[in-house]
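**Student:** Residue numbers (the numbering used here): 41 to 557. Glycine residues also receive a C-beta, built at the ideal position from the N, C-alpha and C atoms.
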Amino acid sequence: MSEPVVIAGAGPVGMVGALLLARHGVASVVLEAQPRRVAVGSRSICVQRDVLDILERVGVGALVADAGVTWTRGRTYFREHQVLEITFPEVGDSAFPPFVNTPQSVVELLLEQRLAEEPLIEVRWGQEVTSVAQDDHGVDVATRGGVVRGSHLIAADGQRSAVRHALGLAFDGMSFSDKFLIADIRAELGYSVPERRFYFDPPWNPGRQVLLHPQPHGVWRIDWQVPDQFDLATERDNGGLDERIRAVVGDRGYDIVWLSVYRFHQRMASRMRVGRILLAGDAAHAMSPFGARGLNSGVADADNAVWKIVLAGQGRAGPGLLESYHLERGAAAEENLRITGDTMRFLVPQTDAEKARRVNVLERAVDDPDARTEIDSGKLAEPFWYVDSPLTTGDRLVRFPREPGAARPPVAGVLCPDGRLDRGMRLRELVGPRFVVLTHWCPWRPADDWERELVGQPVPLDQEEDDHLVQALRLRPRSLVVVRPDGHLAAVLREPEPPEPIGPLVTAALRRATGWG
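1. Can you give me the C-alpha to C-alpha distance between Ser-417 and Arg-439, rounded to a whole angstrom?
2. Among Ser-171, Glu-505, Ile-94, which residue has its Cα nearest to the Cα of Thr-204?
3. For the stretch 471 to 485 against the stretch 422 to 431, do three or more pairs of beta-carbon atoms, one drawn from each stretch, fall closer than 8 Å, so that the two count as touching?
4. Taking the beta carbon of Glu-96 as the centre, do at least 16 other beta carbons fall within 10 Å, making it buried, or is it exposed?
5. For Pro-525 and Val-289, what's the separation of their Cα atoms in angstroms?
6. Could you please give the first and the last residue of the uninterrupted beta strand (DSSP E) stretch that includes Tyr-365?
7. Count the other C-beta atoms from every protein chain shown that fall within 10 angstroms of the C-beta of Asp-271, then say buried if there are 16 or more, exposed otherwise.
8. Taking only the alpha-carbon atoms, compute the straight-line gap between Arg-398 and Arg-248 and give it to the nearest angstrom.
9. Taking all protein chains shown into account, decide if Ser-217 is buried (16 or more other Cβ within 10 angstroms of its Cβ) or exposed.
10. Is Trp-425 helix, strand or coil by DSSP?
11. What does a CB cutoff of less than 7 Å around Gln-503 pick up in its chain, not counting 5 residues either side in sequence?
12. Is Asp-90 closer than 8 Å to Pro-536 when the C-beta atoms are compared?
13. How is the beta strand (DSSP E) around Ala-309 delimited, first residue to last?
14. Please go through the stretch 167 to 234 and give each complete beta strand (DSSP E) segment of 3 or more residues, from N-terminal end onward.
15. Express the C-alpha separation of Thr-142 and Gly-49 in angstroms, rounding to a whole number.
16. Take Glu-491 as the anchor and find which of Asp-507, Gly-99, Ala-549 has the nearest alpha-carbon.
17. From which residue to which residue does the alpha helix (DSSP H) around Val-147 run?
18. Let me know the secondary structure DSSP gives Ser-337 once reduced to three states.
19. According to DSSP, is Val-471 helix, strand or coil?
20. Going by the CB atoms, is the gap between Arg-333 and Phe-243 shorter than 8 Å?
21. Sorted by chain position, which residues of the same chain lie with C-beta nearer than 6 Å to Phe-304's C-beta, five sequence neighbours on each side aside?
22. Mind checking His-253: buried by the 16 CB within 10 Å criterion, or exposed?
23. From Gly-190, Arg-113, Gln-255, Thr-274, pick the residue whose C-alpha is nearest to that of Ala-145; which is it?
24. In the DSSP output, which residue or residues are listed as bridge partners for Ala-296?
25. Closest by CA to Arg-343, which one among Ala-173, Pro-473, Arg-154, Pro-517?
26. Taking 8 Å as the threshold (C-beta atoms), are Arg-226 and Pro-268 in contact?
27. Of the residues Val-314, His-325, Glu-157, which one's Cα is nearest the Cα of Leu-361?
28. Leu-319 and Val-188 look like a contact to me (Cβ under 8 Å); what is the Cβ gap, rounded to whole Å?
29. Taking only three categories from DSSP, how would you classify Asn-400?
30. Keeping to the same chain, check which residues put their C-beta closer than 6 Å to that of Arg-369; ignore five residues upstream and five downstream.
31. How would you write the range of the alpha helix (DSSP H) that Leu-545 sits in, first residue to last?
32. Reducing DSSP to helix, strand and coil, say where Ala-326 ends up.
33. Buried or exposed, going by whether 16 or more other CB atoms sit within 10 Å of the CB of Thr-127?
34. Can you find a heavy atom of the ligand SAM that lies under 7 Å from the Cβ of Asn-336?
35. Since Thr-110 and Val-140 are thought to touch, with beta carbons under 8 Å apart, how far apart are those beta carbons, to the nearest angstrom?
36. Give the DSSP-derived three-state secondary structure of Ile-94 in the structure shown.
Here it is in structure tokens:
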């Protein structure tokens, strides 16, 4: 690629995008509107296991996990009753726990340190985007400091995205009338292990709810749902804020680390790809944080976008590859908005019918275990599945479980399971920048230079130490899987009966996965 990729926004999504591009050997220029980073407050805190894998590919996954707090249990209360308890056991052979709570400000600092070590990345502060223009060969991004030319543009410049505005894209959806007061406090609450607690209608916040999340160094994040007329300055002056905190911590000492008041939104850009410009993260979709689907989905956006931009820049992408970004990540955003929308309708009911249902469910849940399954305090983030993508070679007639939290079978489109290989490394360490072909007693080899450049040599899963992955992928002998650079399965193929070779099937799957149809 003769020109760098331009990235608008130096938040986590933009920085991950820049570091992934550098892993492919591609330069980038990151334009940030703010004059400098202000690392305060927790903001997004819950990082999902598979997103930690993406972060590890750019050198910070283990650092983010080590800097955070691992929690594997969540409790939900209605008034004085515990009505639900969920646990997250260690599932599979992953390098990371299911969820780690690390404040976004810490994640940003760790990413920024990696950016400073990478010569292919240039960060320009105080450079707000004022306009964009593109032609068949590149994108011109104008700021008050001048015009930056790039091969492509990743717009990761937040909910008020200047790029989205310059493109004239709609950002339709809704905003919720109630506000949420978020406080990071340092206090010793006496819990034996870190856990998430959700309180519906507690006596100290009647008719609304409170969420309690652990953070590193004895800090807790408390989210109160408060009425629209809530004013933080007044609450601090009249002692109301102290009363709220005391209801949680009792007579223990506490320190306030950070305070903020938010109103949550459910919105999505009308397009996530316009020519050579791809929208990612909050610039493309805004959703409530209950379920931790915002930052996690934004990092997945960057992971999806980068390998497609790289192939396009190398002239190896088919005509459908860049458009598949909108199709795949647009579908993921719609799914996340559907799930978080259901959650918000339970948390902040907008109609009399929704209010009545919430009360009915919570009251029944005190004594009825079946009612507890209807409680919705947030369906936690998980990787999206590209089973309907035009890049996927799979059986569209097989029923695929789409409900939140369901176990996803290892079919084409889902994220490949992880596991240690006979060669001593983990499978996900091989993911990107190339495709990976895993063979199980199957003699496939690349047919030509195009396949060799795209894949390299296949990775055989033929030894006893590989059995965990063979079982996780449900592979039979004489079969193989094609893994995309973002870790999703592009195809699961079985060698045809003799005398038919498997090579043409793999070639067709690779062509489809690179946008050639």
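**Tutor:** The short version:
1. 28 Å
2. According to the sequence provided, residue 204 is Arg. The question's Thr does not apply to it. When only C-alpha atoms are compared, the closest one is Ser-171.
3. no
4. buried
5. Between Pro-525 and Val-289, the alpha-carbon positions lie close to 46 Å from each other.
6. Here Tyr-365 belongs to no beta strand (DSSP E); instead the alpha helix (DSSP H) covers 361 to 387.
7. exposed
8. 11 Å
9. With a 10 Å radius around the Cβ and a threshold of 16 neighbouring Cβ atoms, Ser-217 comes out exposed.
10. coil
11. Asp-462
12. no
13. 305 to 309
14. 169 to 174, 179 to 183, 186 to 190, 193 to 195, 211 to 215, 219 to 226
15. Distance between the alpha carbons of Gly-49 and Thr-142: 21 Å.
16. Ala-549
17. 144 to 156
18. DSSP places Ser-337 in the helix class (H, G or I) of the three-state scheme.
19. Val-471: coil per DSSP, three-state reduction.
20. The sequence given here places Pro at residue 243; Phe does not occur at that position. No, the pair does not count as a contact, with Cβ atoms beyond the cut-off.
21. Phe-216, Ser-328
22. buried
23. The sequence given here has Ser at residue 145, not Ala. Considering only alpha carbons, the answer is Gln-255.
24. Here the sequence assigns Ile to residue 296, which means Ala is not the residue at that position. Ile-296 is bridged to Ile-225.
25. Note on identity: in this sequence residue 343 is Asp, with Arg being the wrong assignment. Closest option to Asp-343, Cα to Cα, is Pro-473.
26. Looking at the sequence provided, one finds Asp at residue 268 rather than Pro. Contact annotation: Asp-268 and Arg-226 have beta-carbon atoms that are not nearer than 8 Å.
27. The candidate whose alpha carbon is nearest that of Leu-361 is Val-314.
28. Not confirmed; about 18 Å, so no contact.
29. helix
30. Met-312, Asp-341, Asn-344
31. 543 to 553
32. Strand at Ala-326.
33. exposed
34. The ligand SAM is not part of the structure shown, which contains no ligands of any sort.
35. 5 Å
36. helix
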